[in-house]
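Quick note on the working numbering: the sequence shown kicks off at 78 and runs consecutively. Cβ atoms here follow ideal geometry from the backbone N, Cα and C, with glycine treated the same way. For clarity, every value in this text was computed on a predicted model and none was experimentally measured.
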Amino acid sequence: MALYSAKVMDHFRNPRNVGVIEDADAVGEVGNVQCGDIMKMYLKIDDDVVTDIKFETFGCASAVASSSMATELIKGKPLKEVMELTNKAVAEALDGLPDYKMHCSVLAEEAIQAALEDYFKKYPEKRV
Ligand code: FES
């Protein structure tokens with residue numbers, strides 16, 4: 078069996094939503110101290126919905142694919158749903174990750190949570 082699913086390879090080779098949103102409403106940055114990989118997410122939020130999202134990931138193939146898939150999963154979604162996104166859901170949407178690569182998908186979940194925290198700190202009245 079191939080190490081990575083076709084979906085992981087696709088999202089690694091052609092990551093969706095790569096980049097920076099200069100006037101983002103929320104930014105979340107996380108890193109994994111063990112591997113040193115870093116992930117940053119930028120969100121535009123309007124009326125409690127994620128209207129745009131971009132990411133920068135300096136990391137392994139699984140981290141890039143996880144960020145890309147996570148952005149696809151939450152674009153256009155209400156904050157309530159975004160808060161519930163788990164790394165498992167990201168990995169499943171990628172048709173699985175090898176066990177020892179699951180922690181890479183955790184970065185995607187954490188980066189999004191960090192961005193939401195940033196948003197709720199700026200706009201406490203928006204906390205859902
Ligand atoms: Fe660091 Fe994948 S090895 S996030």
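Distance between residue j and residue i (C-alpha atoms, nearest Å)
| i | j | result |
| --- | --- | --- |
| residue 118 | residue 103 | 8 Å |
| residue 90 | residue 126 | 28 Å |
| residue 201 | residue 174 | 36 Å |
| residue 154 | residue 128 | 8 Å |
| residue 109 | residue 141 | 14 Å |
| residue 178 | residue 168 | 10 Å |
| residue 203 | residue 183 | 25 Å |
| residue 197 | residue 149 | 22 Å |
| residue 213 | residue 87 | There is no way to answer for residue 213, as the model of the chain reaches only from 78 to 205. |
| residue 199 | residue 100 | 14 Å |
| residue 124 | residue 157 | 12 Å |
Neighbourhood of residue i by C-beta distance below 7 Å, restricted to the same chain and skipping five residues each side
| i | result |
| --- | --- |
| residue 84 | 171 and 172 |
| residue 189 | 105, 118, 147, 151, 159 and 162 |
| residue 97 | 119, 131 and 133 |
| residue 135 | 114 and 115 |
Three-state secondary structure assigned by DSSP to residue i
| i | result |
| --- | --- |
| residue 168 | helix |
| residue 120 | strand |
| residue 133 | strand |
| residue 92 | coil |
| residue 148 | helix |
| residue 103 | strand |
| residue 110 | coil |
Sequence-distant residues of the same chain with beta carbon closer than 8 Å to residue i, five excluded per side
| i | result |
| --- | --- |
| residue 194 | 105 |
Own chain, CB closer than 6 Å to residue i, minus 5 neighbours either side, in chain order
| i | result |
| --- | --- |
| residue 185 | 143, 144, 147 and 167 |
| residue 138 | 89 |
Burial state of residue i, where buried means 16 or more other Cβ atoms lie within 10 Å
| i | result |
| --- | --- |
| residue 79 | exposed |
| residue 205 | exposed |
| residue 113 | exposed |
Residue i beta carbon near the ligand NAD (any heavy atom closer than 6 Å)
| i | result |
| --- | --- |
| residue 136 | What this structure holds is the ligand FES, not the ligand NAD. |
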